[in-house]
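Below: the structure, in structure tokens.
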Amino acid sequence: MPVSGQQASSPGIPFTRYLASKKPIDDRALNAHVWDEFARAVASFDKPRILEPGCGIGTMLERMIERQALTSAEYLGIDLARESIEQAPQRLAKLAVVQGYDVVSAADGGSLHITGSGTSIEARFMQADVFEMAGERGSQGAWHLLMAHAFLDLIDIPSALQTLLPLLRPGGLFYFTLVFDGLTVLEPELDSALDSQIMQLYHRTMDERMRGGIPSGDSRAGRHLFGHLRQAGAELLEAGGSDWVIFPRAAAYSKQEIDFLGHILHTMEAALAGHPELDPKLFTAWIAARRNQLNDRELTFIAHQLDFLGRVR
Ligand SMILES: C[S@@+](CC[C@H](N)C(=O)[O-])C[C@H]1O[C@@H](n2cnc3c(N)ncnc32)[C@H](O)[C@@H]1O
Numbered sequence: 151m152p153v154s155g156q157q158a159s160s161p162g163i164p165f166t167r168y169l170a171s172k173k174p175i176d177d178r179a180l181n182a183h184v185w186d187e188f189a190r191a192v193a194s195f196d197k198p199r200i201l202e203p204g205c206g207i208g209t210m211l212e213r214m215i216e217r218q219a220l221t222s223a224e225y226l227g228i229d230l231a232r233e234s235i236e237q238a239p240q241r242l243a244k245l246a247v248v249q250g251y252d253v254v255s256a257a258d259g260g261s262l263h264i265t266g267s268g269t270s271i272e273a274r275f276m277q278a279d280v281f282e283m284a285g286e287r288g289s290q291g292a293w294h295l296l297m298a299h300a301f302l303d304l305i306d307i308p309s310a311l312q313t314l315l316p317l318l319r320p321g322g323l324f325y326f327t328l329v330f331d332g333l334t335v336l337e338p339e340l341d342s343a344l345d346s347q348i349m350q351l352y353h354r355t356m357d358e359r360m361r362g363g364i365p366s367g368d369s370r371a372g373r374h375l376f377g378h379l380r381q382a383g384a385e386l387l388e389a390g391g392s393d394w395v396i397f398p399r400a401a402a403y404s405k406q407e408i409d410f411l412g413h414i415l416h417t418m419e420a421a422l423a424g425h426p427e428l429d430p431k432l433f434t435a436w437i438a439a440r441r442n443q444l445n446d447r448e449l450t451f452i453a454h455q456l457d458f459l460g461r462v463r
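So the sequence shown is residues 151 to 463, counted in my numbering.
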């Protein structure tokens, strides 16, 4: 629902609110052809066991239910963030009830059973590091479907594939979506040289990101994933673009778009504040000018991303 005349959200909204704001934007962005092939492949399983590392607040499972892409399944969503994992089952229960399903929640609140109209989905959410969980006994070859949404560009993909793909049974599917691929656009242009310097440095922060002493990020993860999957011996079935594209429709953004764009500007500011190659005054003025464009309903944002559907042999 477009909203006009509303102030852009202040920087630093909770991450769960950012993820909630991202959901309708992701709905639009997901590649329709890759999704159709994914939904068709999922339907070929009787009762798939689905694993989703980096599930956040659980929007991908919500989407599958909303789009009726699942009838019977066992789902496990894993995320490091406690707040997301706490919100996910509450959101899912609400959504399932609105969709007309019966919901039984477990006493611990972390899992629920959704039934009705021939549907039976057992969903569980767990706060954990997927790479630690992958090392546990019994996890290898245990899953029919591995989903990772807006996740792969945050980690070291070659080593992650070595750990994650063996979790799938032979013939198991992976659906890797919204993998960032090296292009962020903010329009209208402010100062062409400064704009491109800032984008270059911003992308470099992704390439240089370290977590726990391990390289964790790639600003061109999307294009590199083709080769990484080939090297991992996986079969790629489909791939396609899933760019985020946000612009003021009829001089307005939706509430979610305002939160989302505010968060993107906040992320860029946090990533580059104090960067030795940037003049701090120029950068502060640049961020303020971008916030003004958002408040004035002038800002267009594009991020290039790719979706992948494939299978292990
Ligand atoms: C950009 S968010 C995407 C969340 C969700 N897929 C979505 O799009 O709404 C990436 C998520 O991955 C989680 N994450 C990062 N590393 C992880 C790990 N090693 N194990 C589990 N979750 C992880 C983060 O906590 C974060 O919630």
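A virtual CB, placed ideally from N, CA and C, is assigned to each residue, including glycine.
Distance from the Cα of tryptophan 394 is smallest, within the candidate group Ala273, Phe410, Leu317 and Glu388, for Phe410.
The way I'd put it, the region 168–181 doesn't touch the region 437–450; fewer than three beta-carbon pairs between them come closer than 8 Å. For tyrosine 251, there is no enclosing alpha helix (DSSP H), since its DSSP letter is neither H nor E. Taking all protein chains shown into account, proline 198 has 16 or more neighbouring C-beta atoms within 10 Å of its C-beta and is therefore buried. Judged by DSSP in its simplified three-state form, alanine 223 adopts strand. The residue from Thr166, Tyr325 and Ile175 with its alpha-carbon nearest to that of phenylalanine 451 is Ile175. A Cβ-Cβ distance of about 14 Å is found for the pair methionine 283 and isoleucine 200, leaving them out of contact under the 8 Å criterion. Judged by their CB atoms, proline 365 and valine 280 are not nearer to each other than the 9 Å cut-off. If the five residues before and after valine 335 are omitted, its C-beta is found closer than 6 Å to the C-beta atoms of Ile452, all from its own chain and listed in chain order.
Taking the Cβ of alanine 453 as the reference point, every heavy atom of ligand 1 lies at 8 Å or farther away. When Cβ pairs closer than 8 Å are counted between the two stretches, the region 361–375 is seen not to touch the region 405–424, the count staying below three.
The region 357–408 contains, as complete alpha helix (DSSP H) runs of 4+ residues, the segments 371–381 (chain order). Around the Cβ of arginine 380, a 10 Å sphere holds fewer than 16 other Cβ atoms; the residue is exposed. By the 16-neighbour rule on beta-carbons within 10 angstroms, leucine 180 is buried. Sorting Glu419, Tyr251, Lys431 and Arg463 by C-alpha distance to the C-alpha of tyrosine 352 places Glu419 at the top.
Here the distance from the Cβ of methionine 418 to the nearest heavy atom of ligand 1 is not below 8 Å. Aspartate 457 is positioned such that its CB atom lies no closer than 9 Å to that of alanine 371. Rounded to the nearest angstrom, the Cβ distance from leucine 387 to glycine 460 is 5 Å, consistent with a contact under 8 Å. Selection Ala189, Ile235, Gly206 and Leu302 evaluated against glutamate 216 yields Ala189 as nearest (Cα-Cα). Residue Leu220 holds the alpha-carbon nearest to the alpha-carbon of glycine 268 among Leu220, Ala439 and Pro239.
The C-beta distance from serine 234 to threonine 327 rounds to 17 Å, too long to meet the 8 Å contact threshold. Apart from the 5 residues on each side of it in sequence, serine 261 sits with its Cβ closer than 6 Å to the Cβ of Arg274 in its chain, given in chain order.
Counting along the chain, the unbroken alpha helix (DSSP H) around glutamine 443 starts and ends at 430–445. Taking glutamate 339 as the centre and dropping the five residues before and after it, the same chain places the C-beta of Asp345 closer than 7 Å to its C-beta, in chain order.
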